[in-house]
Amino acid sequence: MDPICVITAYTKHTEFTRRLNRHSAVNAYHFIQLYCTILNCPTLHLTKNYVDAFTYILSHPKLEKYRFKKGTLYRGCVLDDERPIEKLVENATILTTTYLSTTKNRAVAEMFAKSDNNTKISVFCTYNINNTKGRSALNIQEISSFKEEEEVLLLRYAAFRVVSKEIKENDRRIEICFEECSNEASESNNPELDNSNAIQMQDMEATSGTIRFGIVIPDERNTEYSRHDEIHMNTI
């Protein structure tokens with residue numbers, strides 16, 4: 034299978050894209066928190082194989098030239114309230130459980146963070162990538178269905194530390210800065226490799242049109258952790 038075609042199809046933001054991200058988050062919950070296997074869990078039995086297959090496709094050697102090694106990425110979204118990100122505090126560590134669309138162009142992310150509704154909260158995220166060995170992000174601009182968005186795709190099980198969280202514009206805008214953890218940290222937190230560090234999470238059933246931000250994982254500096262609530266957003 035040509036991995037380029039698969040990624041291009043993913044960027045069309047179809048029902049397949051929504052289901053893949055929803056099932057990726059659900060599978061992470063069942064695998065990490067419930068210690069499920071495909072033998073005793075109907076949810077994993079129905080979805081784990083195809084979710085893992087997509088993960089393996091993104092590790093294809095043909096995609097090595099698209100690996101994003103170092104740089105700054107941006108992501109914007111609009112929330113109904115602050116609850117989905119209230120656990121994101123300075124020095125907290127977040128583990129991505131879905132595929133997150135980001136952009137190299139700050140202006141593009143700003144468009145997705147805009148809202149004319151004064152009751153909504155604008156969230157603007159900055160991701161500092163520094164992964165010279167592993168593959169935590171792919172620069173898919175040239176193979177995306179929307180090249181003008183300059184998209185970089187953050188992959189599953191990438192670990193980030195919250196560097197800062199600032200509330201601005203009368204509490205209507207929140208800016209969060211993330212820094213990628215070391216390769217060793219990302220590998221040790223990969224649920225496919227080890228599920229010994231159970232994560233307290235609630236039911237992760239998702240509704241159509243939602244995408245998850247990630248889960249907070251415990252470390253020596255952060256003993257309070259939980260699953261982030263789902264975040265409603267467009268694409269980036």
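Oh and the sequence shown: position 79 is 112 in my numbering, straight run, nothing missing. We put the beta carbon where it would ideally sit given N, CA and C, even for glycine. Here the structure is a predicted model, which is why all the values come from computation and not from measurement.
For residue 192, the enclosing beta strand (DSSP E) covers residues 192-201.
Sequence-distant partners of residue 43 (beyond 5 residues in either direction) whose C-beta falls short of 6 Å from its own C-beta, in its chain, are 50.
With distances taken between CA atoms, residue 148 lies nearest to 112 out of 88, 158, 188 and 112. Within its own chain, the residues whose Cβ lies closer than 7 Å to the Cβ of residue 130, once the five positions on either side in sequence are excluded, are 57, 58, 61, 189, 245, 247 and 248, listed in chain order. Here the alpha carbons of residue 203 and residue 90 stand approximately 44 Å from one another. Excluding five sequence positions before and after residue 122, the CB atoms of its chain that fall closer than 7 Å to its own CB belong to 195 and 198, given in chain order. Here residue 38 carries a helix assignment [DSSP, helix/strand/coil]. DSSP places residue 211 within a strand segment (E or B) once states are collapsed to three.
In the DSSP secondary-structure assignment, residue 100 is bridged to 171. By the neighbour-count definition (other C-beta atoms within 10 Å, threshold 16), residue 163 is an exposed residue. Residue 92 is a Cβ neighbour of residue 168, given a cutoff of 8 Å. Following the DSSP letters along the chain, one finds residue 184 in no alpha helix (DSSP H) but inside the beta strand (DSSP E) bounded by residues 184-187. Shown here for residue 84: same chain residues with a beta carbon closer than 8 Å to its own, the five before and five after excluded, namely 53, 56, 57 and 60 in chain order. Here residue 94 has no same chain residue with a Cβ atom under 6 Å from its own Cβ, once five neighbours each way along the sequence are excluded. In this structure, residue 71 sits away from residue 173, with a CB-CB distance that is not shorter than 8 Å.
Around the beta carbon of residue 46, fewer than 16 other beta carbons sit within 10 angstroms, so the residue counts as exposed.
C-alpha of residue 214 to C-alpha of residue 48: approximately 32 Å in a straight line. Remark: C-beta atoms of residue 192 and residue 126 approach each other more closely than 8 Å. In this structure, the straight-line span from the alpha carbon of residue 146 to that of residue 180 is close to 19 Å. A direct Cα-to-Cα measurement between residue 211 and residue 75 gives close to 35 Å. For residue 90, the secondary structure class from DSSP, reduced to helix, strand or coil, is helix. Secondary structure note for residue 156: its beta strand (DSSP E) is the uninterrupted segment 154-163.
For residue 117 and residue 183, the gap between their C-alpha atoms comes out near 26 Å. In the three-state reduction of the DSSP assignment, residue 107 falls in the strand class, which pools E and B.
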